[in-house]
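For the sequence shown, the numbering used here begins at 3 and goes up steadily by one.
Take a look at the structure set out below.
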Amino acid sequence: MALDPAPRVVVLGAGFAGLRAVRRLGHARVATLWVDARNYHCFLPLLYQVATAGLEPQDIAYPARSILRRLPVVDFQLARVVGADPGAQRLRTTTGEHIPYSHLIVATGGAAEDFGIPGARDATFRLYDLEDARALRNHVLRICECATTEVRATERAALLTFVIVGGGATGVETAGALAEFRRHVVPRDYRAFEASAMRIVLVEAGPELLPPFPPVLRARARRDLEAFGVE
Numbered sequence: 003m004a005l006d007p008a009p010r011v012v013v014l015g016a017g018f019a020g021l022r023a024v025r026r027l028g029h030a031r032v033a034t035l036w037v038d039a040r041n042y043h044c045f046l047p048l049l050y051q052v053a054t055a056g057l058e059p060q061d062i063a064y065p066a067r068s069i070l071r072r073l074p075v076v077d078f079q080l081a082r083v084v085g086a087d088p089g090a091q092r093l094r095t096t097t098g099e100h101i102p103y104s105h106l107i108v109a110t111g112g113a114a115e116d117f118g119i120p121g122a123r124d125a126t127f128r129l130y131d132l133e134d135a136r137a138l139r140n141h142v143l144r145i146c147e148c149a150t151t152e153v154r155a156t157e158r159a160a161l162l163t164f165v166i167v168g169g170g171a172t173g174v175e176t177a178g179a180l181a182e183f184r185r186h187v188v189p190r191d192y193r194a195f196e197a198s199a200m201r202i203v204l205v206e207a208g209p210e211l212l213p214p215f216p217p218v219l220r221a222r223a224r225r226d227l228e229a230f231g232v233e
């Protein structure tokens, strides 16, 4: 079915909300254009697995056009939107192109928050999208490589200290996955240093981990992490 040259609905964002919207619209046979700066949907709950080398990036990235194969009234456009003109009902992209719409659904998600902590933006790794996960994964592996040739004990200890800021679900999962990496991958692949030399520290501003969860789950998470050697 040919699309109207000016789609009735434009869905901006390929996250969970955007994906749900295009599926609902597609099944209702509403002409729709799905727009995102990346041509894939990323399963964010498993980012920590990519960041700690438990999964490959392609394991959690699903091509947008593959998702739309059974939704012929939905098309996809790879574009980074930098502005919107509600009066003219159009979006503006980085290339200067205008994307018209009659209805717009904005589902661009959020962003990692550093709460204005000095130096946090430049001295830390975020874990909010697939690029973040790849960067962190490469850093972890690079640090382990550096530690294999570092003969100074204090320098090696500094290299192998991993600090995770934030005791929410992502922080807890990442700390646990790093502990699994230390337990299984380090003894097998990085025999130049003891796995026990790798230190994992989870920092949380509040009194408990996983604040939104029931107390029994918060306590269980803390016990499990401590059993895994996470500080």
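All C-beta atoms in this analysis are idealised placements derived from N, C-alpha and C, irrespective of residue type, glycine included.
For the pair V11 and V83, the CB atoms are not nearer than the 8 Å cut-off. Taking a C-beta distance under 8 Å as the contact criterion, G231 and T110 do not qualify as a contact pair.
Per DSSP, reduced to three states, the secondary structure at Q79 is strand.
Look at L129 here: in three-state DSSP terms it is coil, with no helix or strand label.
In the DSSP assignment, C44 forms a beta bridge with A63.
By the CB criterion at 8 Å, L227 and L204 fall inside the cutoff. One thing to note: V187 has its Cβ within 8 Å of the Cβ of A55.
Excluding sequence positions up to five before and after A197, its CB lies within less than 8 Å of the CB of R184, R185, V188 and P189, all in the same chain and listed in chain order. Ranked by Cα distance from T172, the first of A160, T150 and E206 is E206. Taking all protein chains in view, the Cβ of H43 is crowded by 16 or more other Cβ atoms within 10 Å, so the residue is classified as buried. In the DSSP annotation of this structure, P217 is not part of any beta strand (DSSP E); the continuous alpha helix (DSSP H) holding it starts and ends at P217 to A229.
Of V32, T151, N41 and F215, the smallest CA-CA separation from L80 is found for N41.
Here DSSP, grouped into helix, strand and coil, assigns V153 to coil. Assignment of F164 by DSSP, reduced to helix, strand and coil, places it in the strand class. Look at L106 here: in three-state DSSP terms it is strand. Taking C-alpha positions only, I107 is separated from V13 by approximately 5 Å.
Put simply, of P47, Y50 and G17 the residue whose alpha carbon is nearest the alpha carbon of P65 is G17. Judged by DSSP secondary structure, L14 falls within the beta strand (DSSP E) whose first and last residues are V11 to L14. Counting only runs of 4 or more residues that sit fully inside the stretch 15-41, the alpha helix (DSSP H) segments are 18-29, in chain order. Separation of the CB atoms of E152 and R158 is rounded to 4 Å, and the pair is thereby assigned contact status at 8 Å. Annotation for R94: the continuous beta strand (DSSP E) segment containing it runs R92 to T95.
If you look at V187, you'll find it isn't in any beta strand (DSSP E); DSSP assigns it neither H nor E.
For Y130, same chain residues with a beta-carbon under 7 Å away, outside a window of 5 residues either side, are A113 and A114 in chain order. Taking 8 Å as the cut-off, the beta carbon of V75 is found no closer than this to the beta carbon of A135.
The residue from I62, E147 and A39 with its alpha-carbon nearest to that of T96 is A39.
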